[in-house]
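Using UniProt numbering, the first residue of the sequence shown is number 1, and each one after it goes up by one.
One structure below.
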Amino acid sequence: MLSVKNVEVVYNDVILVLRGVSLQVPKGSIVALLGANGAGKTTLLRAVSGLLDVHDGAITKGQVTLDDKPLHTLDAPKIVAAGLGQVLEGRRVFGEFTVEENLRVGGHTRSGGLGEAIEEVYDLFPVLAERRKKTAGYLSGGEQQMLAMGRALVAKPDYLLLDEPSLGLAPRIVQQIKDIIVEINQRGTTVLLVEQNATMALSIATHGYVMEHGKIVMDKPAAELLDDDDIRDFYLGRG
Ligand code: ATP
Numbered sequence: 001m002l003s004v005k006n007v008e009v010v011y012n013d014v015i016l017v018l019r020g021v022s023l024q025v026p027k028g029s030i031v032a033l034l035g036a037n038g039a040g041k042t043t044l045l046r047a048v049s050g051l052l053d054v055h056d057g058a059i060t061k062g063q064v065t066l067d068d069k070p071l072h073t074l075d076a077p078k079i080v081a082a083g084l085g086q087v088l089e090g091r092r093v094f095g096e097f098t099v100e101e102n103l104r105v106g107g108h109t110r111s112g113g114l115g116e117a118i119e120e121v122y123d124l125f126p127v128l129a130e131r132r133k134k135t136a137g138y139l140s141g142g143e144q145q146m147l148a149m150g151r152a153l154v155a156k157p158d159y160l161l162l163d164e165p166s167l168g169l170a171p172r173i174v175q176q177i178k179d180i181i182v183e184i185n186q187r188g189t190t191v192l193l194v195e196q197n198a199t200m201a202l203s204i205a206t207h208g209y210v211m212e213h214g215k216i217v218m219d220k221p222a223a224e225l226l227d228d229d230d231i232r233d234f235y236l237g238r239g
């Protein structure tokens, strides 16, 4: 289980962005984290994966644990080594590199089995196999999202954090991404999914959290959140 307990995050020593956030992602599940722009979702993902300090942020209170081992005391590479991968918002692939080179970068922490891990990614995303020699910058938005996900998966994480994978993609591609997230989960990876597209996220999640102004304001089974019109209109924007 990935567990976030009472976490507070401050940027630049002054701006309190997370105000005591707790959430749990049980092993094997897909959990959705929803909320408006600026609610603090990306900050929470950065806090979990050790990427706050590059933005002058810091955890000032609380704990993050992965299978009962503390993560908040580790740096980002050690967190990856502990089994946690992240796909950042905005599909940051290396645009000048080929698809395959991007995947190799994702596997740099592996001690062996890189070729096999890359083949597994190609199995999951056949379009990446077709484009393996192509420069990543020339891929479509959806393909770049798949590459960003594939790059994280090469490290074979037990837990994967996804930051708005559907952002800016056409509905048909969103559907594909959604199916792939389900497949990734069925292959054994636990997923924490941050999304503005609440309907998409809640349709595949078991549990959902809603964040507002740096706090969790709702915490319910995904089906219950999905069924509640008021919640959908009010908190989740798009329905
Ligand atoms: P979005 O969907 O727009 O990414 P979000 O819910 O992920 O929204 P965050 O990006 O975590 O929200 O931002 C939460 C708040 O923290 C915002 O008010 C934002 O302006 C602020 N913030 C984010 N990064 C920094 C930073 N490096 N320094 C100062 N404030 C920041």
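Glycine residues also receive a C-beta, built at the ideal position from the N, C-alpha and C atoms.
What you are looking at is a predicted structure, and each value in this text was computed from that prediction instead of being measured.
Helix, strand or coil at D228 [DSSP, three-state]: coil
Please work out which residues of its chain come closer than 8 Å, Cβ to Cβ, to I216, disregarding the five sequence neighbours upstream and downstream, and give them in chain order. V21, S22, L23, Y209, V210
Are V87 and A148 closer than 8 Å when you measure CB to CB? yes
Residues of its chain near E164, where Cβ-Cβ distance is below 7 Å and the 5 sequence neighbours each way are ignored: E89, V194, E195, Q196
Look at the alpha carbon of L16 and the alpha carbon of L192, and state the distance between them as a whole number of angstroms. 23 Å
So what does DSSP say about T189, is it helix, strand or coil? coil
Could you tell me the alpha carbon to alpha carbon distance between G168 and D179, rounded to whole angstroms? 17 Å
In terms of alpha-carbon separation, which member of L153, V154, T199 lies closest to A171? A small fix is needed here, since residue 171 is Pro in this sequence, not Ala. Considering only alpha carbons, the answer is T199.
What distance in whole Å lies between the Cβ atoms of G83 and P157, which are believed to be in contact at a cut-off of 8 Å? 6 Å
For S140 and L128, I'd like the C-alpha separation in whole angstroms. 11 Å
So A222 and A32 are supposed to be a Cβ contact under 8 Å. How far apart are they, rounded? 6 Å
Which same chain residues, not among the five before or five after G214, have their C-beta less than 6 Å away from its C-beta? V17, L18, R19, G40
Answer with buried or exposed for E119, where buried requires no fewer than 16 other C-beta atoms within 10 angstroms of its C-beta. exposed
Ends of the beta strand (DSSP E) at G35? 30-35
Which residues in the same chain have their Cβ closer than 6 Å to the Cβ of N12, if we skip the five residues on either side of it in sequence? D56
DSSP puts D163 in a beta bridge; with which residues? V194
By the DSSP assignment, the beta strand (DSSP E) with T98 in it spans what residues? That residue, T98, is in no beta strand (DSSP E); it is neither H nor E in DSSP.
Residues near V48 in its chain [Cβ-Cβ closer than 6 Å; skip 5 each side]: V64
Is it true that the CB of L2 sits closer than 8 Å to the CB of Y159? yes
Measuring from the CB of D219, is there a heavy atom of the ligand ATP at a distance below 7 Å? no
Contact under 8 Å by Cβ, V154 with R132: no
Leaving out the 5 sequence neighbours to the left and right, which residues in its chain are closer than 7 Å to E224 when beta-carbon positions are compared? none
Per-residue DSSP class, three states only, for D53: helix
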